[in-house]
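K.L.:
Below is a structure I'd like to ask you about.
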Amino acid sequence: MSSTTGEKLELILDAAYDLFGSNGFYETKISDIAHQAGIAKGTVYLYFKSKEELFMAVTRRDCEHFLDGLDTNLQNCSTMAERLLVIAKHHSMYYFERKHRTKLFFRTPNNDPELMAYMKQFMLRYMQAVEKVLTEGGVSQPVWCAESYIGMLDRIRMDILFNPEFPIEQLHERTDFVARLFLEGCNHSVDHQDQIDRDNSQEGESQ
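Sequential numbering of the sequence shown, starting at 670, is according to this note's numbering.
Structural data, given as structure tokens:
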């Protein structure tokens, strides 16, 4: 693939990502994508036979970047606690960066078997990455724990996607809380919060 060919492909994928995310799959036309990419409509069809195939390519590129980024970030951690926090931050930030492109997730091709099969495989690979962290950390029932942890993080995901004004400060606070809650348990989290309240009270009294 020549550099020119590669550049055109990236232009198409970037434009499709932006328009699918802001307008939705069915509302976006190939001509709109071509116009934003600065190329002829026919050029898009040299790369993709259909809009469904283009959406699949956009999704695949995005998901592979997610998994590659997670793998890179995990390599810089030495403990399970660090890895769990990295997973939480990576998961939440991914959706935070796409909070103005929510239709990538909510307005997708209906019943596209290739897309459904790929997303199933993507979720399996993601869960296996989390499971590996938990297994290496000596956690019992690592599969169930991995599913539970991702489920906790998905609650933050939904709050982000339904609120375009979701603040970055709350993102950091909640990802830290979820990682700590999962690692330490509810009772320990209550004790931890009690200690924070006591420290704040003592600090106020000293002033």
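A virtual CB, placed ideally from N, CA and C, is assigned to each residue, including glycine.
Less than 8 Å between the beta carbons of Leu-688 and Thr-771, yes or no?
P.N.:
no
K.L.:
Using CA coordinates, which residue listed in Tyr-795, Ser-700, Gln-839 is at the minimum distance from Asp-737?
P.N.:
The shortest Cα separation from Asp-737 among Tyr-795, Ser-700, Gln-839 belongs to Tyr-795.
K.L.:
For Thr-844, which residues of its own chain have a beta-carbon under 6 Å away from its beta-carbon, when the five flanking residues on both sides are left out?
P.N.:
When the five nearest sequence neighbours on each side are left out, the beta carbons in the same chain lying within less than 6 Å of the beta carbon of Thr-844 are those of Ala-757, Lys-758, Ser-761, in order along the chain.
K.L.:
Excluding sequence positions up to five away, which residues of its chain have a Cβ less than 8 Å from the Cβ of Glu-679?
P.N.:
For Glu-679, where only same-chain residues beyond five positions count, there are no Cβ hits under 8 Å.
K.L.:
For Cys-746, which three-state DSSP category applies?
P.N.:
coil
K.L.:
Span of the alpha helix (DSSP H) holding Phe-846?
P.N.:
837-853
K.L.:
May I have the straight-line CA-CA distance separating Glu-842 from Val-755, to the nearest angstrom?
P.N.:
14 Å
K.L.:
Helix or strand or just coil, what does DSSP make of Tyr-795?
P.N.:
Note: Tyr-795 maps to helix in three-state DSSP.
K.L.:
In the DSSP assignment, the alpha helix (DSSP H) including Gln-810 goes from what residue to what residue?
P.N.:
No alpha helix (DSSP H) holds Gln-810; DSSP gives it neither H nor E.
K.L.:
Can you find the residues in the same chain that come closer than 7 Å, C-beta to C-beta, to Ile-699, ignoring five residues on each side of it along the sequence?
P.N.:
Lys-710, Val-713, Lys-720
K.L.:
Considering only the alpha carbon of each residue, which of Val-727, Glu-676, Lys-718 lies closest to Leu-682?
P.N.:
Val-727
K.L.:
Helix or strand or just coil, what does DSSP make of Ser-671?
P.N.:
Residue confidence is low: Ser-671 scores 48 on pLDDT, short of 50, so the model does not pin down where it sits. No coordinate-derived value is stated.
K.L.:
Write down the C-beta distance between Tyr-686 and Met-725 rounded to the nearest angstrom, noting that I regard them as a contact closer than 8 Å.
P.N.:
Going by Cβ atoms, the distance from Tyr-686 to Met-725 rounds to 12 Å, so no, they are not a contact pair.
K.L.:
Just to confirm, are Arg-752 and Val-802 a CB contact at a threshold of 8 Å?
P.N.:
Result yes, Cβ atoms of Arg-752 and Val-802 sit closer than 8 Å.
K.L.:
Using DSSP with H/G/I as helix, E/B as strand and the rest coil, what is Ile-702?
P.N.:
It is helical.
K.L.:
Which runs of the beta strand (DSSP E) at least 3 residues long sit entirely within the stretch 684-731? Give them in chain order.
P.N.:
Taking only runs of at least 3 residues, no beta strand (DSSP E) segment lies wholly in the stretch 684-731.
K.L.:
Residue range of the alpha helix (DSSP H) that Lys-772 falls in?
P.N.:
772-775
K.L.:
What do you reckon, are the CB atoms on Lys-768 and Pro-833 nearer than 8 Å?
P.N.:
yes
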